[in-house]
Structures are given as C-alpha cells and as structure tokens.
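Contents: one structure, followed by commentary.
4 protein chains.
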Amino acid sequence: MTKLDLITLGRAAVDFNANEINRPMEETMTFTKYVGGSPANVAIGTAKLGLNVGMISRVSSDQHGNFVVDYMDRAGVDTKYFKRDTEGRKTGLTFTEIKSPEECSILMYRDNVADLYLSVDDFDDDYITTADSLLVSGTALSQSPSREAVFHAVDVAKRHGVEVIFELDYRPYTWKREEEKSIYMMEIAKKADIVLGTRDEFDVLEGDKGLSDDESVKHLFNHSPKLIVIKHGVKGSKAFTREGEMIEGKAYKTEVLKTFGAGDSFASGFIYAMKKEKSIEDALKYGSAAASIVVSKHSSSEAMPTVSEIEELIKTHEG
Amino acid sequence: MTKLDLITLGRAAVDFNANEINRPMEETMTFTKYVGGSPANVAIGTAKLGLNVGMISRVSSDQHGNFVVDYMDRAGVDTKYFKRDTEGRKTGLTFTEIKSPEECSILMYRDNVADLYLSVDDFDDDYITTADSLLVSGTALSQSPSREAVFHAVDVAKRHGVEVIFELDYRPYTWKREEEKSIYMMEIAKKADIVLGTRDEFDVLEGDKGLSDDESVKHLFNHSPKLIVIKHGVKGSKAFTREGEMIEGKAYKTEVLKTFGAGDSFASGFIYAMKKEKSIEDALKYGSAAASIVVSKHSSSEAMPTVSEIEELIKTHEG
Amino acid sequence: MTKLDLITLGRAAVDFNANEINRPMEETMTFTKYVGGSPANVAIGTAKLGLNVGMISRVSSDQHGNFVVDYMDRAGVDTKYFKRDTEGRKTGLTFTEIKSPEECSILMYRDNVADLYLSVDDFDDDYITTADSLLVSGTALSQSPSREAVFHAVDVAKRHGVEVIFELDYRPYTWKREEEKSIYMMEIAKKADIVLGTRDEFDVLEGDKGLSDDESVKHLFNHSPKLIVIKHGVKGSKAFTREGEMIEGKAYKTEVLKTFGAGDSFASGFIYAMKKEKSIEDALKYGSAAASIVVSKHSSSEAMPTVSEIEELIKTHEG
Amino acid sequence: MTKLDLITLGRAAVDFNANEINRPMEETMTFTKYVGGSPANVAIGTAKLGLNVGMISRVSSDQHGNFVVDYMDRAGVDTKYFKRDTEGRKTGLTFTEIKSPEECSILMYRDNVADLYLSVDDFDDDYITTADSLLVSGTALSQSPSREAVFHAVDVAKRHGVEVIFELDYRPYTWKREEEKSIYMMEIAKKADIVLGTRDEFDVLEGDKGLSDDESVKHLFNHSPKLIVIKHGVKGSKAFTREGEMIEGKAYKTEVLKTFGAGDSFASGFIYAMKKEKSIEDALKYGSAAASIVVSKHSSSEAMPTVSEIEELIKTHEG
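Protein chains in written order, with my numbering: chain A, 1 to 319; chain B, 1 to 319; chain C, 1 to 319; chain D, 1 to 319.
Quick look at the structure:
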C-alpha cells in the first residue's frame, strides 16, 4: 500500500447552500449541493494542497452517497474505506442560511445517519498503519458504534506509531446525554498527539469548567498531547507545545461571505504546513490564510484553496 | 367557525426538485424547494380551485416548518391545526431525480419526521365537524401516534356525518412490518365513504391477493364505501359506485416532464368537481386534466392548475 | 384436524405467588411458581372442565418457557401454536403480594416479553378455522406485532364463522400511549360476538366517558356483539343480549384468600356452560362459582375447579 | 462524613434460588429470595467481615427495590446512594438452576433494568472521596448511562487518590455489540489500581487474543494497575504485582452445592485481608476460604462468611 500522509475518520455529508443570500432560509428557494462534514472537508482540503490522503467513513447507498464518494474520488482522496450502509440509513444533510456575514445558521438532518454507524468492522487495522497521521473528529464520538470505531482506530494508531490528531469538531446534535460529551472527548484528547479546536469546543471537552487556555493545556500535557491549538475566531489562534512554548497566530481580514468552513480549512492549511515541516508559526499562517479564503466563498469543500492561493494571501497581507 | 369544504390530514413535507434534469441525481447540482406531501398537495390543489380547505398536520419548529406553513397560508389553506413539533423532529424531505419522463425516482428523508408524530391531542374534534369532508392519507397510518390520530379523526367524522375520503397514498418507507400495511389501511378503507388509489395501492391494501377491480370493490362495498376510484396510469381510471355503476375516465395526453404529483392533482380535480356536484364522469375528467397539467410542470404543489386551465384542457382535448 | 371448542390467543406467563402471606412482599421470602396470564388461565380452566382447547402464544426459549408449555400440555391444552421466541425475549413474570384478602397487589415483569411479539406468521389461518370460538385478550392489543396478530386472527375467525370472544383483560402496563387503549380495544369489541369485562375495563374501552352499563351495551349492539357481560365484583355481574334481555348473576360468598384469578375462572366457567348450551342465567352461575373457588386458593391456574366442584358449590349455595 | 473502607458501584439485584435442587429448573416449584449482583454481594461480604462499606446503585421503586435496600441496610452497608428509578424500570432478577454441583445455570431478567440507568447525577463526587477504595463492576460498563457513571466515578477516585478496584464481572447479557466489551473494559482496567477476574474474563477484556497470564499482566502494568489477580477456578488463583512478583493461591476443597457466588466471596475475603494489611499470600487464602464457604451454601449474599469462619477454614485445611 502507498504511504498516506493523512487518514481522516468520521462523517462525510451533503451541504445544501442557499443560492439567494442575505435573507432567512424560508425565503431561499434554490440551493446548491456540495460535499460537507468536517473530516471530509479536511480530507478534500489537504488533498487539494497536495497531501496523500485517505478517509474512513460510512455513507448511504443512494444518490447522495454516490455523490459524496464520486466527489472525494475526483478530489484525489482515497475512498477505499468509504463503506455503504445497507440498513437504509441516510447521508447527513446541512442546509445553510446566510442572513448576513455575521448571522449564519444551519439546519441539520442527522437522524439515523450512516456515518454514526461506522463500525470497527468497516476498516482494516492495516490501513491505518499505512498513514503518517490519523485525524479523528469529535462528532464521530457522539454515538455507538461510531464511538467505538474511533476508540479502536486511535488504539491501532498509537500501537503503530501513527500520529493522532483530534479535531474537536463539537456539534450539539446527536449527543444523547450531557455527560457523554466531556467523558468521551476527554478520553480521546488524552490519547491524541495534536488537539485542535475553538475555545468553545475546549469548554465542552472540559465539562464547562471555565478554564483558561493555560489551564486547558496544562491538564492535557499530563497525557499524550504534544501540540495543542486553541482558536479564538477573529482574535486569531494560539498554539501550545508540551515544551512550554506558546505561539500566536492572527486571523487574516477578508471579505466574509459566511463563517462555515473556517475550522476545516484552518485544519487543512495547518496540517499541510506541519507535514511540510514548516515552523508552528508558519503553520498557523497557512491555517489562517486557508480559512480566510474559504469564508469568502460559497462552499466549505469546493472552495478549499491551493498552496499558491494560500501563499499569495500570506505574502500580500504581510508585504 | 366557517364551514370548510375539506380538511386533509397527514404529512406536509418539502420537495427539492432537480433543476438540471435528464440526468442522474448525482450530477444534479442545484435544486428548487417546494411544498410537498400528498395531503398537503391536495389541500393546496383544492384551495387553488376555490374550495374552502383546512389541513391538520405536524411540522418541524425550524425554517423548513416555517416555509411549509407560510406557503400553505398564502395558498389559502387554513393552517390553524398545523402543530409544531417540540422534540426536534424534522419536516420530511423528498429529492427528485428526473432521468427522463419515464425514469423518475425520489430519495426521501423520513426518519423521525414530525408528521408521523401528529397525535389525537394536536387537534380538536370540533374542527373536524366544521368540514364537509375529511381526507386522510394512507401514509399517516404507517406509525404511531399518527396512526391513532387517523383512527380518531375518522371516528369523529363518522359520528358527525362528515364524509370520509381515503387517499391510499402508499409509500413503502416508514411502515415497519409487512402485515401492518393491509391491516390498518383496510380498517380505514372499510370506514371511508370514498376510496381513491392506484391499482398497485389497492393491491397493498388487500395484502397482495391479486384481486381484480371488480373483486376489490365488491369486498369494500360490504362496508361503508359508496364510491371507489381505481387509477390505472396512462390507461385511465375507473370509478365504481355502491349501486353497481362503473364509469371509465381516460388520461389526457400532454408533454410529460415527470410523473410526480399526478395522484394528488387528480384527487384535487376530482374532489373539486364532486363538491360542485358535477357527474362522476365529469369529475374523472377534472381529475385527469389536473393530473396532466401537473406532470408537465416542475413541481407538485406550485404547479396545481386553476379551474379555467382544467376546463380549457378538457375542452381542447374533446373539441 | 380435530375440532376445537375454543382457541385462546395472548399471553402465557409465570406467576410467583407468595408462600408467606398477610405481609408486604418485602417480607415474603419464598414463592411458588405457577402458570399465569389471562388467556392461558382460561385455556387451562376450560380444558379442566372438559372442553377441547388450544392456545396461540409465544414464550421464551428458556426454562420458564419450557415450564409453561409443559404445564399447558399436561393440562390437556393443544400447544401446537406455542411459538418460541428466538430473539432472547423473556416470558412475563408476576409476583403476587397478599397483605390481606382485600389488599392484594402484583409486581409485573413485562419489558420486552415474548408474548407481545406474537406475529401473524406464528400461526396458520387454518388452525383458527378448526375452532368453534376464538378468545382474544385485550392485553395482546397493547403492542405491535401482537396487536396485528389479534386483528388478523379476528379477521380470519369472522370470515370463517368462528365465534369471537373478547376478554377485555386490561392491564395498564405495556400500553405506550393513552389513546391507543380505547382505539384498538374498541375496534376489536365492535368485531366480537361476545364481550366480557369488569365495569372498570369497559370504562377503559370507552375512553373513560363514564357510561352506564345500558349506554355501554347500546353502543356495542350497533356492531357485531350479541352478548355482553359486565362484571361488578362482589355485586355480581350482568349479561345483556342484543335482543334486549338483561340477566343478573350474583357472586357466591366464600373464604377469600386473594382476588387474583377471579376473572379468568369466571370466563372459564361461563364459556364452558355456554358451550354446553346452558341458559345465560346458568352460565353466570358457573362463572361465579368457578371464580369463588379460585379466589379461595393459592394460584390462578392450578386452582381451576372441575365441573363437579362448580356444580356442588352452586347446589350448596342455593339449596 | 465517616471514612469508608470501600464503596462498590454497580448492580444490586434479586436472586431466586431453587429450593428443590438436583433437577432442571422446569421442575423446581419453589424459590427463595436473596439479594444478588456482584458489587452488592461484595458490599455485603466485606461489611459482614467488618469493613465500613457503602454502595452506589439504582434500584426499582417497588417491593423488590425495597427488599434490596432494606437488606443492605441491615447488613450494615451505607445505602445513602441507592437511588430509586422513577421511570418504572425494574430491579434485575436471577433464577438459579442447580442440576448438580457441576451443572449450574442461571436465567436472568435484565431488560430495561434500573441499575444500568445509574447516572452521574445519582451520586456526589464528594461521597467517593470519603472512601479508601472504589470497586467498580464490569457489567456496569455494558450500557449508557451506567457506563458513563463508571468513567466519571473512576475519574473522581483517581483525582482524589482513592484506590480503584476493577472486578471484571463479565456477563454476556446487556452488552449490545461485541467490540464495546473490550474497548470499555480495557479503558477502565488501564485506569484501575487493582484488577480482579477469572481467566475467561481477562480473555474478554483483551478481545479474545488468547494471551497467557504473563502477557495479560505485562500489558496492564504499562498503565495504572499495581496488582492483578487472575482466577483459575479449582486450580486456584495467581496474584501479580507491578514489581514482578507472582504469588499463587490454591482453592480449598469443600462440599460444593453450586458455583454461584464464588467470585464475589473471593473478592470480599481478598479485599478484607488487603485492608487489614495481610500479605498478598494471606489475602489469596482469605479469598479462597470465603469462596469455598459460599459455594457450599444456598445463597451468594446471605451465605457470606464471618472472619472467624474464614480463619477457621484456613486453619483446618492447613493444620
């Protein structure tokens, strides 16, 4: 098997983005279809940047499932471990509403979705060992059997020296009980090498204890993590290393169309730069640049930038 | 309360119809949003023809639910008994695929949908007694508590002399066990005054016994039904009366875009004509004309014709 | 196939009756095991009286299921259509508490019980046609697929001229929603030839409208029933005929140990007498006598009396 | 709050033990009621030996729930955190069948049982910090929300220096999917200070990899455990220390009535001895002696021995 730079694991979904914007969704009459879902977006984003990427997921055995797999294929992502659900479960949907750049909301269809039925039987342990890094998404922890698939995949990764990246990707839907969120997210965070998330997501991870960034990272550095990135929206982001360094990254200002997709494009740019052995400081720039490009465009996946677009933006804004 | 000509009871949903047609859905990138669902379409269709119509349903407390209720309101349907689900259940969705006029298919999202949670507590018995007729949809029988809501509504209607119209509207989704279909559909068919459906739907009703039209109606005429309409697609339809009459109606030939919506527009035209005391023969013409207009257009609800469009088509094709 | 006098359909369960009585169950340390469940008790009771009886039920594939079937076999009941659940579902349990003859209560284990998974596939229609009468129990209507099995069995019986006896047998457990009770019990009551129940059970059947006995029977006599028996505990019972007769039966006074089993033994005695073409007046006596014998003994099934015990008691109390 | 030696967490159930033995359960007609469930038995066993013990559990709001709590109270166990289920869930039941000392089996009622609905809200973190040790049972991991209650309790214990004892207590029932067993049991085993189980239970813990005792303990000693006891039935047991010691304990031969309760009485004797600072060698003797006494008697809880009974047996068998 070819060596992969990255495998992402979790949901791949379909986004229906409003064509007519700056209005409530009730008044939006036409929608354009894109691939969505955080780990799918990161797979597409990093593949577009030139990494060798695969994804482990489960989608519906219908036209929406076909669309997702076809798109991922064409984006250059290895879809060998995209399993088709055989119990009639559906691919998740997200309808976006863009009232203004500041007022964006989403309407999700996540009942009985195929991705949360990803199971340990859906992939081979060997596949994970072919990768440099495994990225798992917090949402995949929200229900069984997907939850156990994450635990198993992370266990395999750790036993074989595959770097584990945990993208907190917290979505309130589909978690059944409050206490499950922090219990399972924290178990995986403690096992990960790199943890990425917004300040709000770290709050969920910690059971809403109201910790500061310093307290958050101190707790996690007692366990496996070596690098932790906490994002603060327009205020930029902070990367912390186990050795005690703290590196700040700022957000690039662009024409914002909507806020969706910022996190996934940040992760894509950041991971790409780390794989290319850039400094953490530079990786934060790649992440921020990728995010600022995506939020100015209509989709979260199709809009993923190329390396030259990212580097051009960084140059322009620093020049 | 104003006297209503008709109350329909059952699902109201959202259709996403492919804008780019004559291709598989995988290659369709944009969709237009319409109200859908058989009893919603009939409510819209008959309201557009000038009847005084209300609907009893349950939709989501989100943008899709708002859209449905707003649209029904503007179409002149009384939406007083459109209840909002408070448990996070969603409005059902239907994506249409139009490969060719002969090859149309749909992809439905019906897991945990609000309409199947319509309950006896969602409407007042008095509301039903304000109507001349109550139309119930077979799909509303597929699960509890919607199933019991239908039984209760039909019981109220019968006790108060409100005519019961049963539109078989069979959809394979959401029925949990094979035997439930014919047991509950047959219970309601026996209690109805008028039964409408395709030959295939009568087969489901009868537990796939392979009956002829004559056998089907003979069995039902032992119970409450007075008028039964069995539709045979392009071959036209047959109306049977308890008194032993059989009246044939033919289908009008038009430029067919897709087959969706034919049944609901037929029911709308047919019911309108019956309320206007046309003959059964004429009512079949109104039904067929309405159907032939809707299948030539993009939607199932927005495309519902006016009286003059129907009468023009009948005149033209007979002239 | 031999002609059967009676087939009962519904649950067969295991009773654990307190050995040490006149105390709360918490202080009862030993229990004796019996077969229980209303239609099983009636099958045992009528078989013991000499009728030719079969039962349709589903029990667990374990020692409790074996015990039930062995016991029924030895009691002379045809157990050909006792199906074994293959999904690990259990036989229902009832623990009895006898604080005093007036204060009896029960603790039931009815979660996921095998009997409520009786399905239309578990029996052959032909079997029902071999019987003179089919007795169905209200509890079997409380959940699917057992509910549909009752509808189907009653439909088969009616199509083949088999008399349908509906023993209301209302138990609050296992009914999921309030409205289901009266909707489904009333559908079956309307189809039955004979309806038996306590005044409280008729209230449930009618949706707690507070009807009098006269109102209750007037409503049902508009449909299939020909004979209705309403029991009023120690005040005796009343039988009503479609022709307008009302016959009162009194309760026999005996040494009461507990109240369990009174209804099932009444039904056994009453049905036996009707099959033997006794008068309704006499049938009420046979029912009351059987009940008074069972409430003076420890179990509801094992305690079922013989014909001579019943006739002896009637003679003694009248003499 | 008083300092407790031990808190056990998990199920408390009711056992119905066959009075007539050496026969299949089908032929057993009377049963005697006892408290049961592994962590309840250990709480009773250690309390009887003189330890200061509490238990965290959830039982039914009925007579069986009352019986359990009353019995535990009288046995001297602190029942402050025995919560009553308010959703109608039942206390689990176990019926025992004793065909011969070698052929014992059980029939469990575990559908929708209260103990698996123990939640993090049912106990205060402070209560756990009052104890020297917390014993959690593997069965409590089989379903949510009890699973999360275990994770949370273990997390609290570890943060406050409370020793965690993990009694594997594997029961095939109630686990929904194969992969869940080893994933969650292993997570807790890695966090525990002491792990106790049979060789078969270690196999389940490890995902049936067929490891030897040496391989099993080597893996776990990479994590938190300091002491691991693997039981081999009549062949005795082996205790392993993180420091590399292995101490063998032998089983005492007694008149065996049944095999139930051996594990819980072993744990009770072993934990008691460790708390009394006996050597590991002696603790294994106390465990084996307690087990050999319980298997010669009728129950698993009531039969728990006193210190003098244990010490007498040890002396006799060595003397």
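Glycine included, every Cβ here is placed at the ideal spot set by N, Cα and C.
query	result
Which value, in whole angstroms, describes the spacing of the CA atoms of Lys209 (chain D) and Leu4 (chain A)?	29 Å
Is there a Cβ of chain B sitting closer than 8 Å to that of Ser144 (chain C), yes or no?	yes
Output the distance between the C-alpha atoms of Ile280 (chain D) and Glu277 (chain A), rounded to the nearest integer angstrom.	53 Å
Does Glu277 (chain A) get closer than 8 Å to chain D when you measure Cβ to Cβ?	no
Identify the contact partners of His232 (chain D) in chain C, using a Cβ-Cβ distance below 7 Å as the criterion.	Those within 7 Å of His232 (chain D) in chain C number zero; the least Cβ separation is about 29 Å.
State yes or no: is the C-beta of Arg89 (chain B) within less than 8 Å of the C-beta of Val113 (chain B)?	yes
Report the option in D:Leu116, D:Leu313 and D:Gly76 whose CA atom is closest to the CA atom of Asn52 (chain D).	D:Gly76
For chain B, check one thing: does any of its Cβ atoms lie closer than 8 Å to the Cβ of Lys297 (chain A)?	no
Under the criterion of a Cβ to heavy atom distance below 7 Å, does Gly138 (chain D) qualify as lining the ligand GDP?	Because no ligand of any kind appears in the structure shown, any question about the ligand GDP cannot be addressed here.
Do you know offhand how far Ser216 (chain A)'s Cα is from Pro24 (chain B)'s?	49 Å
Any Cβ of chain D within less than 8 Å of the Cβ of Ile183 (chain A)?	yes
Between which residues of its own chain and Cys104 (chain B) is the CB-CB distance below 8 Å, once the five residues before and five after are set aside?	Thr96, Glu97, Ile98, Lys258, Thr259 and Phe260
Tell me, please, whether the CB atom of Leu107 (chain D) is closer than 8 Å to any CB atom in chain C?	yes
Below 9 Å between beta carbons is the criterion; list the residues of the segment 149–172 of chain C that meet it against any residue of chain B, in chain order.	Ala149, Phe151, His152 and Asp155
Which same chain residues, not among the five before or five after Ile106 (chain B), have their C-beta less than 6 Å away from its C-beta?	Thr94 and Thr96
Rounded to whole angstroms, how far is the Cβ of Met72 (chain B) from the Cβ of Gly92 (chain B), which I believe are closer than 8 Å?	About 15 Å separates the two Cβ atoms, so there is no contact after all.
Could you spell out the range, first to last residue, of the alpha helix (DSSP H) harbouring Phe270 (chain B)?	Ala262 to Lys275
Buried or exposed for Val204 (chain B), going by 16 or more other Cβ atoms inside 10 Å?	buried
List the endpoints of the continuous beta strand (DSSP E) containing Asn17 (chain A).	Ala13 to Ala18
For Tyr34 (chain B), list the residues DSSP reports as bridge partners.	B:Asp15
Report yes if the C-beta distance between Thr28 (chain D) and Thr30 (chain C) is below 8 Å; otherwise report no.	no
Return the CA-CA distance between Ile7 (chain C) and Pro101 (chain C), expressed in angstroms with no decimal places.	32 Å
Mind reading off the beta-carbon distance from Val234 (chain C) to Phe270 (chain C)? Whole number of angstroms is fine, and I expect it under 8 Å.	About 17 Å; that fails the 8 Å criterion.
Should Lys231 (chain C) be labelled buried (16 or more other beta-carbon atoms within 10 Å of its own) or exposed?	buried
Just tell me which of D:Lys80, D:Asp126 and D:Arg199 has its CA closest to the CA of Gly54 (chain D).	D:Lys80
Expressed to the nearest angstrom, what Euclidean distance is found between the alpha-carbon atoms of Phe151 (chain B) and Ile165 (chain C)?	23 Å
Among C:Glu179, C:His64, C:Ile56 and C:Pro172, which has the Cα closest to the Cα of Phe16 (chain D)?	C:His64
Quick one, which residues of the segment 196–219 of chain C are near chain B if we go by CB-CB under 9 Å, in chain order?	none
Tell me whether Gly210 (chain A) sits in a helix, a strand or coil according to DSSP, three-state version.	coil
Asp62 (chain B): buried (16+ other C-beta within 10 angstroms of its C-beta) or exposed?	buried
Compare the C-beta of Val136 (chain D) against all C-beta atoms of chain A and say whether one is closer than 8 Å.	no
Reducing DSSP to helix, strand and coil, say where Asp85 (chain D) ends up.	coil
Quick one: what's Phe166 (chain A) bridged to in DSSP?	A:Val136 and A:Val195
Cutting at 6 Å between CB atoms, please list the residues of its own chain near Ser133 (chain A), excluding the five before and the five after it.	Leu6, Glu163 and Ile165
CB Asn41 (chain B) to CB Ser301 (chain B), shorter than 8 Å?	yes
Does Glu87 (chain B) have its Cβ less than 8 Å from a Cβ in chain C?	no
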